[in-house]
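J.: Could you have a look at this structure, given as structure tokens, before my questions?
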Amino acid sequence: MVRAYAVAAVLVGGICAGMQQEALAQTQPGSMQDTRRIEGRVVNVDHDRLMLSGGTELLVQDGAVRELPPGSTIKVAYEIRGGEHVAKEIEVIDWSAGGP
1409 MVRAYAVAAV
1419 LVGGICAGMQ
1429 QEALAQTQPG
1439 SMQDTRRIEG
1449 RVVNVDHDRL
1459 MLSGGTELLV
1469 QDGAVRELPP
1479 GSTIKVAYEI
1489 RGGEHVAKEI
1499 EVIDWSAGGP
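Here my numbering is used: the first residue of the sequence shown is 1409, the next is one more, and so on.
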């Protein structure tokens, strides 16, 4: 009888642990897969929008984008929200003339 309870406890513990691992596997990789990266030259800056040389338009949620002069080369990590490319992180590779 005690052996049956021990086996049942191990099975229940194993099932719960498996469910936790499956839940983690579903949430962690999904968030990383949503982040995309692109590198390009800035063609135009308009308020909170940034246009790259390849035609990609990015939405930038802070005002820092206004300081980027056209011609600068940047790397952007972004995600797609509501059909728009929303910048999460911008790294300036090369400032054009007039940049810091």
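Just so you know, even glycine gets a beta-carbon here, dropped at the ideal spot from N, CA and C.
Which value, in whole angstroms, describes the spacing of the CA atoms of I1488 and G1463?
T.: If you take the alpha carbons of I1488 and G1463, they lie about 15 Å apart.
J.: Residues in its own chain within less than 8 Å of T1443 by CB, not counting five upstream and five downstream?
T.: Around T1443: A1485, Y1486, E1487 and K1496.
J.: What is the C-beta distance between L1460 and V1451, in whole angstroms, given that I count them as a contact (C-beta under 8 Å)?
T.: About 6 Å; that satisfies the 8 Å criterion.
J.: Does G1471 come out as helix, strand or coil in the three-state DSSP assignment?
T.: The answer is helix: DSSP assigns G1471 an H, G or I state.
J.: Assuming V1494 and L1467 form a contact by the criterion Cβ under 8 Å, report the distance between their Cβ atoms to the nearest whole angstrom.
T.: Between L1467 and V1494 the Cβ distance is about 5 Å, and since that is below 8 Å, they are a contact.
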